[in-house]
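S.K.: One structure, as structure tokens, below. Some questions next.
In this note's numbering, the protein residues as written are 323 to 484.
Shown next, in the form of structure tokens:
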């Protein structure tokens, strides 16, 4: 189950480059937000010294697996809310052992946050600002889950049957 109290971090841990003209980055991490450049996947390459990379829907996140240890931030682009390829990228990266910041960026809607958290996203850079109260309400809406995912939430059947 997602701890709704974590939503308090939204106001306490904004992204350092957030301005009134841009949406703040919502983070569920205790470390300092990465403030360096984010390079495009096509420019990343195996020889790059980059510590952050942006993955677009057409990019194959599996190509990053050999480089996960040096990446502090992977930003997954959602150009349209109905494009679900970013969910697969997040799952692939978390299952491969990535523990750094995994950010969903772009057309991120409040009702997607809970599902995105379940596949491993721990920060969000929505194109349009989200109300923290709406985010907290969305996270509290479904207190139980039905399937295992990248998060540590126990499915309701496991709670019932041990």
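Beta carbons are placed, not taken as given, at the ideal position from N, Cα and C, and that holds for glycine.
Cβ of residue 460 within 9 Å of Cβ of residue 429?
M.R.: No. Outside cutoff.
S.K.: Out of 414, 403 and 422, which has the shortest C-alpha to C-alpha gap to residue 435?
M.R.: The residue with the shortest Cα to Cα distance from residue 435 is 403.
S.K.: By how many angstroms is the C-alpha of residue 473 removed from the C-alpha of residue 439?
M.R.: Whole-angstrom Cα-Cα distance: 7 Å.
S.K.: Per DSSP, which residues does residue 446 bridge with? Please list them.
M.R.: For residue 446, which the question treats as bridged, DSSP gives the partners 348 and 426.
S.K.: Can you list, in chain order, the residues of its chain with a C-beta nearer than 6 Å to that of residue 397? Leave out the 5 residues immediately preceding and following it.
M.R.: Answer for residue 397: 360, 376, 425 and 427, listed in chain order.
S.K.: So, is residue 410 buried or exposed, given that buried needs 16 or more other C-beta atoms within 10 angstroms?
M.R.: Classification of residue 410: exposed, given that the 10 Å Cβ count is below 16.
S.K.: Classify residue 474 as helix, strand or coil using the three-state DSSP reduction.
M.R.: Residue state, collapsed to three classes: coil.
S.K.: What's the gap between the Cα of residue 466 and the Cα of residue 480?
M.R.: Computed Cα separation, rounded: 11 Å.
S.K.: In three-state DSSP terms, what is residue 400?
M.R.: Reduced to three states, the DSSP call for residue 400 is strand.
S.K.: Determine the direct distance from the alpha carbon of residue 392 to that of residue 371, and round the result to whole angstroms.
M.R.: So the two alpha carbons sit approximately 9 Å from each other.
S.K.: Considering only the beta carbon of each residue, do residue 348 and residue 452 sit closer than 9 Å?
M.R.: Yes, they are a contact pair.
S.K.: Which residue's Cα is closest to the Cα of residue 415: 443, 431 and 399?
M.R.: The shortest Cα separation from residue 415 among 443, 431 and 399 belongs to 443.
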